[in-house]
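Down below is the structure, laid out as structure tokens.
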Amino acid sequence: ETGVTQTPRHLVMGMTNKKSLKCEQHLGHNAMYWYKQSAKKPLELMFVYNFKEQTENNSVPSRFSPECPNSSHLFLHLHTLQPEDSALYLCASSLRDLRGTEAFFGQGTRLTVV
Amino acid sequence: ELKVEQNPLFLSMQEGKNYTIYCNYSTTSDRLYWYRQDPGKSLESLFVLLSNGAVKQEGRLMASLDTKARLSTLHITAAVHDLSATYFCALGGGSQGNLIFGKGTKLSVKP
Chain A
-9 ETGVTQTPRH
1 LVMGMTNKKS
11 LKCEQHLGHN
21 AMYWYKQSAK
31 KPLELMFVYN
41 FKEQTENNSV
51 PSRFSPECPN
61 SSHLFLHLHT
71 LQPEDSALYL
81 CASSLRDLRG
91 TEAFFGQGTR
101 LTVV
Chain B
52 ELKVEQNPLF
62 LSMQEGKNYT
72 IYCNYSTTSD
82 RLYWYRQDPG
92 KSLESLFVLL
102 SNGAVKQEGR
112 LMASLDTKAR
122 LSTLHITAAV
132 HDLSATYFCA
142 LGGGSQGNLI
152 FGKGTKLSVK
162 P
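This is the structure:
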């Protein structure tokens, strides 16, 4: 256990559905991240929140919408996704942004878009 | 553009053998991370290397960092089956203070 918890672990959704992924950490960290892990591709950063403020979108399509209500919780709201969005979505947190501190990852949500 | 390249991407080795995974990166950085990922599981932090010449060891794994050569290595000594996993190197220093990952090396240790 890394101290970063993601729910749900698995999610199957249709292209017209709306769903949300949740990430929670009680490590006292101030930075939280969403990464996407697709087959045969490097992990891709999607969003960064530092002290609850989103620092950059990183060119993610608007069908992905992050929310960080406090420094312990991070959500990823999903709507009208495409099959190519099927992937493992990983949440991570670090003490602050990653200048010399390591990141702790959640177990991920395996998303399948049908 | 900051790039991280690992090789090999796939590695099949016998128990008891030694091998090295290489991680090259494109720009100067003094923060290099190694992670392990088991199938269907999260990424587990193995090593954090923060300075040129840093060497860290944990069990059968040893990681090193050469910032001048922009190279990190993960050396496996006398491999055992339990080491089978995917190993990622990642560089600190993305524009948002994030990690930039290599594609990972899928290691399979066979009896």
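Protein chains in written order, with this note's numbering: chain A, -9 to 104; chain B, 52 to 162.
We put the CB at the ideal spot given by N, CA and C, even for glycine.
Less than 8 Å divides the Cβ of A/Pro(-2) from the Cβ of A/Thr99. Residues of chain B whose Cβ lies closer than 7 Å to the Cβ of A/Pro32 are, in chain order, Phe152, Gly153 and Lys154. Listed in chain order, the positions of the region 88 to 99 of chain B with a beta carbon within less than 8 Å of a beta carbon of chain A are Gly91, Lys92, Ser93, Leu94, Glu95, Ser96 and Val99. Rounded to the nearest whole angstrom, the C-alpha separation of B/Gly104 and A/Met5 is 50 Å.
Between the region 54 to 68 of chain B and the region 125 to 143 of chain B there are three or more C-beta pairs closer than 8 Å, enough to call the two in contact. In this structure, B/Leu150 places its C-beta atom within 8 Å of the C-beta atom of B/Leu142. Residue environment for A/Arg86: exposed (fewer than 16 other C-beta atoms within 10 angstroms of its C-beta). The three-state reading of DSSP puts B/Pro162 in coil, since its state is none of H, G, I, E or B.
For A/Ala21, the enclosing beta strand (DSSP E) starts and ends at Ala21 to Gln27.
Taking all protein chains in view, the Cβ of A/His67 is surrounded by fewer than 16 other Cβ atoms within 10 Å, so the residue is classified as exposed. Under the 8 Å criterion on CB atoms, A/Leu66 is classed as non-interfacial with respect to chain B. Taking a Cβ-Cβ threshold of 9 Å, the residues of chain B close to A/Thr(-8) are Ser93, Leu94, Glu95 and Ser96, in chain order.
Under a criterion of Cβ atoms nearer than 8 Å, the residues of chain B adjacent to A/Leu80 are, in order, Ser93 and Leu94. Chain B places no beta carbon closer than 8 Å to that of A/Gly18, leaving this residue out of the contacts. Cβ atoms of B/Phe152 and A/Pro32 come within 8 Å of each other, at about 5 Å. Close CB contacts of A/Ser10 within its chain, under the 6 Å cut and outside five residues either way in sequence, are with Phe65 and His67 (chain order).
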